[in-house]
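Chains as they are written, first to last, in the UniProt record's numbering: chain A, 1 to 523; chain B, 1 to 523.
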């Protein structure tokens, strides 16, 4: 469904229903441009306001204007600051007896009420200009005012400097969205995605295709939500990504596909959730050690020491950080340690990472398989079973599969993984061999994909970017919750609407399911 | 997640993994443009092919070209027609002894295999030009060939004139997607949506915002899929539309919002599905009657007849179609009858509806409430409980609510409803009165929305278009299944992957649900 929506302050008011059609068409085709790029607004006859709050300057002096916005604050019942998402403007409340009704509206309306005012743009009295405010040279002397909607007592003030708890922000998300930062993040996200679309669609002929989200589980898809259907015992799954569909589109001749896809991963309240790796492993390396006398260094033989000194060209006052243990974990620890060292050095004033730079990095040559953690004699896919082996390692698949490199690639921005992709297997027999013989997966679940590869699948590959994380890095937001309009809490709750919620048994009946309540001992 | 994907025939082959990064960047930034507008392709050093199949003309004579595509058909082991989504081209299989291996590849590859060929563009021998084929003046004399992927025996031929059953098309959807019609529909859809985005985003400052699909049920939301969470007895719902979120965005100051949103309605296998209304009611009016002697006309009194004749200005040979009965049903019947008459007249050669025209129509002044079918003493919303009443009818809400008109509007294209929207209620008290007092709904389910309206909600409204249906009308597709890449069958099945599917009880355990199998008598 394609849906677009507007606040009506950008239209006329008291509109007879018969004119709605014109309103919608008028507003879609002719009304003002709202974007963070501050283009010149354009107005249709259906728009009540003549200007946005943020755009008035000395050049508007003497003009009659109509503004709409939220009341940001009021001073001594004389001044009122009006806000929309183009900025702030000061309006002067009339004090004359003849304007008593206008004064009453503007003085009684609570902060964050929506009002419409008309009046004249005037200079601020000398010495009262506010150079910090883009509209600080002028103010609007109000003649008429209308209260469009009154505001009840707010749970917190809509000011960026007012600190709120995360839970309160999520509960009143629609108020939190009024903050400058959330407005900026969401508007920038929209523009970034639009640029990506223009680039792919308009410049390079990619086709934007929506793939289903009511699907079936994929092998190893333990993180997929299940959806009961009206057929007893039959379930859909919400996919973790359009994984299979993009391959099927390649087989279908949609040779350049892209999608901004919704992905579902059920890990909200997993009891086996891992704590941060730094917490787990850095008590092992309590401090960078400046001599060979720490407990760890004690276990290094004398000849290993001299070997190390030679190899690393260690000199007086150098620091060497060592890890021991299982290869993958040791590497992870060294990675964390490297970041920790950078933090320590930067805290002392050494600039190692310029936050204004976007440093991209490709990671390639991943192994295709890894030994299973619970059973190292068996293999599992390092990424997923559809990744193609490196062409030079093809023969190793049949002799030493654990040595095969994959055609997987990850994209890293400023140290964070923002995306990844792979060249996929397009040969049905190779795919079957990897699934059935090497990974011992049930190929029946993927019979449609194997069949599709057999019907002239072209060689293909692609990439997917984690959009939330990418926008986080670009905006500098501390959490992906700050770049999503309505995020869930880390336990997967919608604190605003309180989803998920209990349902009466009769609503479950059409789906042929019932709740298995845990025994008291488990609850 | 943002995902883009390419068939590798548009890249180089035998690419070492270390070059993947360049490949992806190269192909994203420099390679050919594929669109139905046939812009001039642009090639990077990573692209194997030099031209698309559909673009070669006499102006290319003598050029060395490399083409990739599917084998459309082969004639007498001499000619082979290669297809990509820019068109068809004839290639000449070399017959010389020295080119035996090339001949072998091209003669043995089954139809619909993917091949890459290199050779010279030559003129067809005089008299062998094919004026019906855009590339019909030339052919490509092949020097080298590579089989990129072989094709197994197909369940049906990829030719538009080959008729397939709907079930077979859905089962092998990836093959059906290779048809000209499906390619055209999906590529046009992508371009149309892109134009809508450019218009709203770039020209009018709308912000594209993704809203959640794991939500809670809305009042009257019996058609919403439920998703069990890992908390016992707690469920999410998949929303029928971003209904509430768009209003909350307005409250949040995202003053111009749009989204191409996924909507979920569980009506796939409802046992109470209604048959087409025409079937049900047209046995009552078996034929348009040309005299007053039909059984229906018999029940009209003499004085009513003369009244009718005067009112309708009936003359000799005129046809009057009457319905009687409950107002809404009678109107529906007359509407169907009108279309039926148009069909009859058009069948006799009278052109009433030009299929090349796009005739738009707004429907306004809907009633806000309708009497409940099961209990006509109570009211239900004609559309949904958030629609604002017509401003002139506001007082009737408290006296004669059934007479209140709504600020709802529907958009109709060539007789089909393609969208609708409304001005919403922005006043919390009015919304509460309508929900609790007039509609007797449980307001607790909507407490977050009522609260949000109280915090300075601006007046607002919008519109949503049913994209599938709109694209159907534009492309002339007979069914919305023809404008969706991977549609479900009318019973909600994915015939390709066989979703929904059975899940073992252990996969349901984390969600605290079990299947209630119907008793034998019900099954």
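From the three backbone atoms N, C-alpha and C, an ideal C-beta is built for every residue, glycine too.
- The beta carbons of residue 113 of chain B and residue 61 of chain B sit no closer together than 8 Å.
- Ranked by how close their Cα comes to the Cα of residue 377 of chain B, the residues B/180, B/209, B/439, B/108 have B/439 in first place.
- Taking C-beta atoms under 8 Å as the contact rule, residue 65 of chain A and residue 140 of chain A qualify, at a distance of about 6 Å.
- Listed in chain order, the non-local C-beta contacts of residue 207 of chain B below 7 Å within the same chain comprise 254, 256, 257, local neighbours out to five positions each way being set aside.
- Nearest Cα to residue 264 of chain B within the set B/213, B/312, B/283: B/213.
- In chain order, 515, 517, 518 make up the part of chain B whose C-beta sits under 7 Å from the C-beta of residue 232 of chain A.
- Within the segment 197 to 218 of chain B, 197, 198, 199, 200, 201, 202, 203, 204, 205, 206, 207, 208, 209, 210, 211, 212, 213, 214, 215, 216, 217 place their CB atoms closer than 9 Å to a CB of chain A, listed in sequence order.
- With contacts defined by Cβ atoms closer than 8 Å, residue 506 of chain A and residue 234 of chain B do not form a contacting pair.
- The C-beta of residue 91 of chain A has 16 or more other C-beta atoms within 10 Å across all chains shown, which makes the residue buried.
- By the Cβ-count criterion, residue 107 of chain A is exposed, with fewer than 16 other Cβ atoms from all chains shown falling within 10 Å of its own Cβ.
- Residue 98 of chain A carries a helical assignment under DSSP once its states are collapsed to helix, strand and coil.
- Inclusion of residue 192 of chain B and residue 471 of chain B in the CB contact set at 8 Å is warranted, their separation being smaller than that value.
- Closest in C-alpha terms to residue 248 of chain A, from the list B/512, B/511, B/497, comes B/497.
- Taken through DSSP and simplified to helix, strand or coil, residue 346 of chain B comes out as helix.
- Only buried fits residue 409 of chain B, as 16 or more other CB atoms lie within 10 angstroms of its CB.
- DSSP, read as helix, strand or coil, puts residue 129 of chain B in coil.
- DSSP, read as helix, strand or coil, puts residue 198 of chain B in helix.
- The Cβ of residue 435 of chain A sits no closer than 8 Å to any Cβ of chain B.
- About 6 Å separates the beta carbons of residue 215 of chain B and residue 237 of chain B, which is inside the 8 Å limit, making them a contact pair.
- Residue A/71 holds the alpha-carbon nearest to the alpha-carbon of residue 87 of chain A among A/77, A/71, A/95.
- Taking a contact as a CB-CB distance under 8 Å, the pair residue 116 of chain B and residue 80 of chain B does not count as one, their CB atoms being some 13 Å apart.
- Annotation: the continuous beta strand (DSSP E) that includes residue 237 of chain B extends over 234 to 237.
- Interface criterion not met: the Cβ of residue 384 of chain B is under 8 Å from no Cβ in chain A.
- Taking C-alpha positions only, residue 58 of chain A is separated from residue 94 of chain A by approximately 21 Å.
- Those residues of the segment 442 to 458 of chain A placed with their C-beta closer than 7 Å to a C-beta in chain B are 448, 452, 454, 455, 456, 457, 458, ordered along the chain.
- At a cut-off of 8 Å between beta carbons, residue 506 of chain B makes no contact with chain A.
- For residue 246 of chain A, the enclosing alpha helix (DSSP H) has its first and last residue at 243 to 251.
- Fully contained in the segment 445 to 484 of chain B are the following beta strand (DSSP E) runs of length 3 or more, in chain order: 460 to 465.
- If you draw a straight line from the Cα of residue 172 of chain A to the Cα of residue 494 of chain A, it is about 11 Å long.
- Our two residues, residue 360 of chain A and residue 478 of chain A, have alpha carbons roughly 20 Å apart in a direct line.
- In the three-state reduction of the DSSP assignment, residue 327 of chain B falls in the helix class, which pools H, G and I.
- The beta strand (DSSP E) runs of length 3 or more contained entirely in the segment 138 to 185 of chain B are, from start to end of the chain, 138 to 149.
- For residue 51 of chain A, the number of other beta carbons within 10 angstroms of its own is at least 16, and it is reported as buried.
- Beyond the five residues adjoining it in sequence on each side, residue 510 of chain B comes within less than 6 Å, by CB distance, of 230 in the same chain, given in chain order.
- Taking 8 Å as the cut-off, the Cβ atoms of residue 169 of chain B and residue 176 of chain B count as close.
- Counting only residues of its own chain and dropping the five nearest sequence neighbours on each side, residue 261 of chain B has a CB closer than 6 Å to the CB of 242.
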